[in-house]
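Reading through the structure tokens given below for one structure.
Protein chains in written order, with the numbering used here: chain A, 1 to 267; chain B, 268 to 551.
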């Protein structure tokens, strides 16, 4: 299996050199192979979002190295990484431009990381393609191409964001608690869609979640972060046989203390 | 004018004070070009280019040097005062008496002076709107609108948000300088101090337009701005009918703007909700 992402000894420290110094990531080493669908769990402050932000490029990297498909992207800005990495945010408002129509948002995503020119933004053949793509969401969005995104519900927007993230196949897709802001039913719909898109396009994915059951149910590999380190890394059969109690037990064995914040983990 | 302000204020979600500097700059550039014997249409285009450059400066200050947009605009505006003064060869105003302007061109078609102004004004406004509508539907135009709407998402989709902001500042100030150039030709002189209060006029037009007509396509929104600007002028004319001292004019127009901004909150809460929420959600 070819390697897609390699993270070497990644450190991130906030407020360095002050009393508030916070070492959020303390040496992360990870290798992702093509088609890996990794779910990441961990309590608040474990470094999940920081890890994702470091990969996406929204946080400059202080120490360590990130290599994507053999290219060192450690120093590249967000816009340069966008060609190969797409992202779905937790807040449905974050992933789309609300004053733009559905088709305009999709057109923007089609050109992710490419050069933009003075050409019509939405062409008629694009429209046909968008309709086909929207139809597979089963949300009746295929006839609302010219609706402003701001008028759609959170679930609909999140589904569109997912579609936008995969319209142009990314090398890596980052999902940052992308179902956390949705109601349970919509959350299931969006998760199923996520799995479908990832498996259809054979994408390599990182999914941060607060939901242990989701973390166990989806993906082929599970990582638990604790205090800026990878504490648990399970793949294959180990991952398949995992249950929530087993995971809790594993965690206690690794960390050596009880899970004070298991309420947060299970939320 | 209003269209220029609209671009930064609504599309890019920035209040750009450069307007107060690029407006007289446009007037000065157009006037001096005409006096030098340059074709008035070319002179008007030169005014537009002057505005582009002013916008470029503010854009660079704001994005590359990370000066907050309001301050960046004020800095450019202040600097432009000297530059405009230079352009006008240190005169406070320069007359265009007896010179050919874009409006005399229209008069040559056999129109009366007033009709010529209206015809030329409408032609140029429609032309600008048409160009902008086409532009906003291009890949770059979409990217610019997305930048103002949701910078994080735009960056995540590989849009160079800084470049888009700079381009937005440029086009916006180009439009404002263009209107400055037209007004100077209409008035028959360029005035170094004509910029004072232009931002207020622009904002007033936008707000009146948005209160009257909501939820339109991008082209429709730009068209309503023209209506908004005319209505604002009418309201002002009404106010001046009530024997307001000329020196109180700016106070009166500021008060009109306050009324325009607050009235809808009292009378049209439902009507306003949609737009306001949208505007806010982009800032969340």
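Heads up, the beta-carbon is just placed ideally off N, CA and C, and yes, glycines get one too.
- Residues of chain B whose Cβ lies closer than 8 Å to the Cβ of residue 100(A) are, in chain order, 409, 412, 413, 416.
- In this structure, residue 27(A) places its C-beta atom within 7 Å of the C-beta atom of residue 9(A).
- Residues of chain B whose Cβ lies closer than 7 Å to the Cβ of residue 108(A) are, in chain order, 409, 410, 413, 424.
- Taking a beta-carbon distance threshold of 7 Å, residue 420(B) counts as an interface residue toward chain A.
- Chain order gives the chain B residues near residue 121(A) as 403, 404, 405, 406, 407, 408, 409, 410, where near means a beta carbon separation below 9 Å.
- Judged by DSSP secondary structure, residue 222(A) falls within the beta strand (DSSP E) whose first and last residues are 221-226.
- When C-alpha distances from residue 178(A) are compared across 19(A), 171(A), 191(A), 167(A), the shortest belongs to 191(A).
- For residue 232(A), the closest C-alpha among the options 95(A), 164(A), 46(A) is that of 46(A).
- Under a 10 Å Cβ-count criterion, residue 2(A) is classified as exposed, with fewer than 16 other Cβ atoms of the shown protein chains found around its own Cβ.
- DSSP lists 225(A) as the beta-bridge partner residues of residue 230(A).
- With 16 or more other Cβ atoms inside 10 Å of its own Cβ, residue 81(A) counts as buried.
- Any Cβ of chain B closer than 7 Å to the Cβ of residue 130(A) would place that residue at the interface, and such an atom is absent.
- In the structure shown, residue 359(B) adopts coil according to DSSP, grouped into three states.
- The DSSP-derived three-state label of residue 242(A) is coil.
- If you draw a straight line from the Cα of residue 187(A) to the Cα of residue 498(B), it is about 48 Å long.
- For a Cβ distance threshold of 7 Å, residue set 405, 407 of chain B lies close to residue 118(A), ordered along the chain.
- Distance check between residue 501(B) and each of 472(B), 414(B), 484(B), 486(B) places 472(B) closest, using alpha-carbon atoms only.
- For residue 331(B), not one C-beta of chain A is nearer than 7 Å to its own C-beta.
- Taken residue by residue, none of the region 227-250 of chain A has a beta-carbon sitting less than 8 Å from a beta-carbon on chain B.
- Under the DSSP assignment, residue 27(A) falls outside any alpha helix (DSSP H), being part of the beta strand (DSSP E) whose first and last residues are 22-33.
- Counting only runs of at least 4 residues, the region 93-173 of chain A fully encloses the following alpha helix (DSSP H) elements, listed from N- to C-terminal order: 102-110, 124-135, 154-167.
- By the rule that beta-carbons nearer than 7 Å mark a contact, residue 79(A) touches chain B.
- Here residue 11(A) is bridged, per DSSP, to 26(A), 63(A).
- If you check each beta-carbon in the region 426-437 of chain B against every beta-carbon of chain A, the ones closer than 8 Å belong to 426, 427, 428.
- When 113(A), 4(A), 247(A) are compared, the shortest CA-CA separation from residue 164(A) is found for 113(A).
- Burial state of residue 339(B) is buried, judged by a 10 Å Cβ sphere holding 16 or more other Cβ atoms.
- Residue 5(A) carries a strand assignment under DSSP once its states are collapsed to helix, strand and coil.
- Using a Cβ-Cβ cut-off of 7 Å, residue 35(A) does not count as an interface residue toward chain B, since no Cβ of chain B sits closer than that to its own.
- Listed along chain B are 409, each with a C-beta nearer than 7 Å to that of residue 104(A).
- Taking C-beta atoms as the reference points, residue 491(B) and residue 476(B) count as a pair closer than 7 Å.
- Considering only beta carbons, no part of the region 181-198 of chain A lies closer than 9 Å to chain B.
- Going by beta carbons, residue 321(B) and residue 347(B) fall inside the 7 Å limit.
- Collapsing the DSSP output to three states places residue 333(B) in coil.
- For residue 82(A), the closest Cβ of chain B is nearer than 7 Å.
- With contact defined as three or more Cβ pairs closer than 8 Å, the region 132-148 of chain A and the region 72-87 of chain A are not in contact.
- DSSP links residue 437(B) through a beta bridge to no other residue.
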